[in-house]
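Notes follow the structure.
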Amino acid sequence: MSHVVSPIREKLVTGGKSYSDVTHDICKQVEGEPTKEWKWAFGISSIVFIYGAYCLFYTWWQGIGVWGLTKTVGWAWDITNFVWWVGIGHAGTLISAVLLLFRQKWRTSINRSAEAMTIFAVLCAASFILAHMGRPWLAHWALPLPNAFGSLWVNFNSPLVWDVFAISTYLSVSLLFWYMGLVPDLASIRDRATTKGRKFWYGLFSLGWTGSSKTWARYEYMSLILAGISTPLVLSVHTIVSMDFATSVIPGWHTTIFPPYFVAGAIFSGFAMVQTLLLITRVVFKLEDYITIEHIEMMNIVITVTGSVVGIAYLTEFFIAWYSGVEYESYAFINRATGPYWWAYWMMMTCNVISPQLFWSKAIRTNLMVSFFLSIVVNVGMWFERFVIIVTSLHRDYLPSSWAMFSPTMYDIGDYIFSFGLFFTLFFLFAKYLPVVNMAEVKSVMKGVSSNFPEKKKATKKTEE
Amino acid sequence: MSSTTNYILGVYDDEDEVLHAVSEVKSKGIKIEDVFTPFPIHGLDRAVGHERTRLPIAAFLFGVLGLTCALSLISYTMVFDWPMIIGGKDFFALPNWIPVSFEGTVLFTAFGLVTTFCISNNLYPGNQPDLLDLRITDDKFVMAINVDKNKKVSADDIKKALKDSGAIEVNVK
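Chains as they are written, first to last, in our numbering: chain A, 16 to 480; chain B, 15 to 187.
This is the structure we're talking about:
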């Protein structure tokens, strides 16, 4: 349905594409043989995955003593990586749910890959949760299951139990949302299929989709309700993650600003990761007409806004540490900025607070190379943020005789490498076997916004007459 | 749809045209079975004459069920089965239970909603629908008219009405 669209709006899909072109362009990568670049990328990520899997297996086999943890630093890279990945996993649902509710049509060509990224990032985060338990085979103890210990239940007052529920709900609801979005597009591939295998597999997963107006009407309601419940869900997840820290009594963690500060940081890092992946995907799969400069610019604007919120949170935290008059709290912050981990703190400040401010310049936020570089800088900064919060708050506790420094072992690093291997292996599999752009949604916004489209139609009409 | 049914299919290539065609065809006293489209068109279901969906009610009920289950489980374990003093709080510490109850509500709503959606639309793995036109999932909008349900109008009149309303092709299946 065409909408009333302001003429000053940029086109969402360029190149004068017709509906059929959309189907063709997106299905091409699914239907063709894997390209050489894809094979290389997949091969490298598989090797990284296998090396990481060895390190993770060794950690599970030997216990978390193989990490560089000390008496004071009981959480380090494991929880840093966990929070980092969960944060990254916020962008997909944010793009598909929050931007759906705000009727932001530009989300249609990026939501599919952003949601996929979300699911893979949450899986990476889950790997650290399992690893940091030390005995991952007892992970089900975190669930309220009847047991042989006189039915001793989990403690529902504990933020760590809240976290188990938040992350597992988030993962399963995101997966569901993503899959339901895929169904109409899988049907498109099914109906184009030339091979038996493709017809069978895409037919199986497209659930017998027909595209009837009744189904679509219900589908629209379903998407809207899923978006409505996913919006508070996505905000709840990082709020609860922040409560793992904020409900403790550790100086540097015990702050009420944590929930909004963590949520802003999560959106910030998630959008940066989506940006990194989109800039690669659009070039590799030649999707420049679908993921335009306009999309990149929009993403950069969100990065600037959330980056500024994070910056204000850092300053507020510092101010309150002084204003509270609690000397332990003040020391924790002075130690962050000037103590032995000063470099991590200033790395975080530079990457997260200063670098996104460059996007105030239109020339910078529409420059692809700069956007790509800065999106990586932001994620480096966000990793350091979590490292700073966790390690610098722990390494000097109340008893100076137990002060220590943390240095990672090859297994700390290897388990982090594992998560990258897992993430990219899954992402490349997704990019090859599933449509990377939501075709049905893109088609639904084309006529209203792509000004080329009606003109092309009118022209063909005239020649017919 | 069984293959014994006779359908006349009007194929359109524009979403606005098909939407106008629906009211035009209906005004000639022809009953439309359904319209199949590659993407959702707002107002099309109402134009065809489908009832407004009751999915939101189902979603709400699943949400209530989720909240009830979560609160029942938490209060059973924390208050009745094995009460423990944690941080000097009451056994019935409702504010602490908000996060898990909320997640339970969302989980039940999402899965209940999607299951209801799939059941009501007959969507399940392995379902091989008898598709009227393979281009529906690509770029064509297909209006299906069941001949058996339109005894009063002749097949030729139906075809003519479809053609007049802007159909680029009229097929019989």
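Even glycine gets a Cβ: it sits at the ideal position worked out from N, Cα and C. Predicted model, so just to flag it, every value in this text is computed and none were measured.
Per-residue burial, residue i [other beta carbons within 10 Å of its own, 16 or more giving buried]
i                      : result
residue 178 of chain B : exposed
residue 319 of chain A : buried
residue 234 of chain A : buried
residue 48 of chain A  : exposed
residue 456 of chain A : buried
residue 94 of chain A  : buried
residue 380 of chain A : buried
residue 147 of chain A : buried
residue 350 of chain A : buried
residue 65 of chain B  : exposed
residue 7 of chain A   : Within the shown structure, residues of chain A are numbered from 16 to 480, placing residue 7 of chain A beyond reach of any answer.
residue 374 of chain A : buried
For residue i, the residue or residues it bridges with in DSSP
i                      : result
residue 217 of chain A : Partner(s): none; residue 217 of chain A has no beta bridge.
residue 48 of chain B  : B/158
residue 436 of chain A : In DSSP, residue 436 of chain A forms no bridge with anything.
residue 126 of chain B : None; residue 126 of chain B has no bridge partner.
residue 167 of chain B : Partner(s): none; residue 167 of chain B has no beta bridge.
residue 426 of chain A : Residue 426 of chain A pairs with nothing; no bridge assigned.
residue 227 of chain A : B/50
residue 22 of chain B  : B/159 and B/186
8 Å Cβ cutoff met for residue i and residue j
i                      : j                      : result
residue 104 of chain A : residue 129 of chain A : no
residue 124 of chain B : residue 198 of chain A : no
residue 44 of chain B  : residue 161 of chain B : no
residue 61 of chain B  : residue 37 of chain B  : yes
residue 159 of chain A : residue 168 of chain A : yes
residue 460 of chain A : residue 120 of chain A : yes
residue 399 of chain A : residue 359 of chain A : yes
residue 270 of chain A : residue 335 of chain A : yes
residue 74 of chain A  : residue 343 of chain A : no
residue 120 of chain B : residue 177 of chain A : no
residue 363 of chain A : residue 322 of chain A : no
residue 42 of chain A  : residue 204 of chain A : yes
residue 8 of chain A   : residue 434 of chain A : Because chain A here runs from 16 to 480, residue 8 of chain A falls outside it and cannot be looked at.
residue 125 of chain A : residue 310 of chain A : yes
residue 220 of chain A : residue 139 of chain B : yes
residue 156 of chain A : residue 431 of chain A : no
residue 185 of chain A : residue 248 of chain A : yes
Any non-hydrogen atom of the ligand MN closer than 7 Å to residue i Cβ
i                      : result
residue 282 of chain A : The model depicted lacks the ligand MN and carries no ligand whatsoever.
C-alpha distance - residue i paired with residue j, whole-angstrom precision
i                      : j                      : result
residue 453 of chain A : residue 331 of chain A : 40 Å
residue 134 of chain B : residue 48 of chain B  : 16 Å
residue 471 of chain A : residue 387 of chain A : Low per-residue confidence applies at residue 471 of chain A: pLDDT is 46, beneath 50, and the placement is therefore not dependable, though the value from the model is reported in the following sentence. So the two alpha carbons sit approximately 34 Å from each other.
residue 422 of chain A : residue 326 of chain A : 27 Å
residue 357 of chain A : residue 98 of chain A  : 21 Å
residue 280 of chain A : residue 91 of chain B  : 35 Å
residue 478 of chain A : residue 28 of chain A  : Below a pLDDT of 50, predicted positions are generally treated as unreliable, and residue 478 of chain A, at 47, falls in that range; the measurement from the model is reported next regardless. The alpha-carbon atoms of residue 478 of chain A and residue 28 of chain A are separated by roughly 25 Å.
residue 149 of chain A : residue 161 of chain A : 22 Å
residue 217 of chain A : residue 267 of chain A : 51 Å
residue 53 of chain A  : residue 66 of chain A  : 20 Å
residue 113 of chain A : residue 282 of chain A : 11 Å
residue 424 of chain A : residue 81 of chain A  : 7 Å
residue 418 of chain A : residue 411 of chain A : 5 Å
residue 1 of chain A   : residue 338 of chain A : Beyond the ends of chain A as shown, which are 16 and 480, falls residue 1 of chain A; an answer cannot be given.
residue 153 of chain A : residue 405 of chain A : 25 Å
residue 202 of chain A : residue 228 of chain A : 15 Å
residue 7 of chain A   : residue 414 of chain A : Residue 7 of chain A is absent from the model: chain A starts at 16 and stops at 480.
residue 71 of chain A  : residue 151 of chain A : 11 Å
residue 31 of chain B  : residue 144 of chain B : 25 Å
residue 449 of chain A : residue 51 of chain A  : 18 Å
Chain-order list of residues whose beta-carbon lies under 7 Å from that of residue i (same chain, five-residue window excluded)
i                      : result
residue 25 of chain B  : 147, 154, 156, 181, 182, 183 and 185
residue 33 of chain B  : 55, 57, 58 and 61
residue 152 of chain B : 52
residue 81 of chain B  : 115, 118 and 119
residue 259 of chain A : 174, 175 and 178
residue 458 of chain A : 34 and 37
Close beta carbons around residue i, own chain, < 8 Å, minus the five adjacent residues each side
i                      : result
residue 297 of chain A : 303, 305 and 306
residue 232 of chain A : none
residue 100 of chain B : 107
residue 288 of chain A : 103, 106, 132, 136, 390 and 394
residue 127 of chain B : 69, 72, 73 and 76
residue 366 of chain A : 392, 393, 395, 396, 397 and 399
residue 437 of chain A : 64, 67, 135, 138, 139 and 142
Cutoff 6 Å; reference residue i; Cβ partners in own chain excluding five residues on either side
i                      : result
residue 257 of chain A : 273, 274 and 277
residue 56 of chain A  : 443
residue 401 of chain A : 95, 98 and 99
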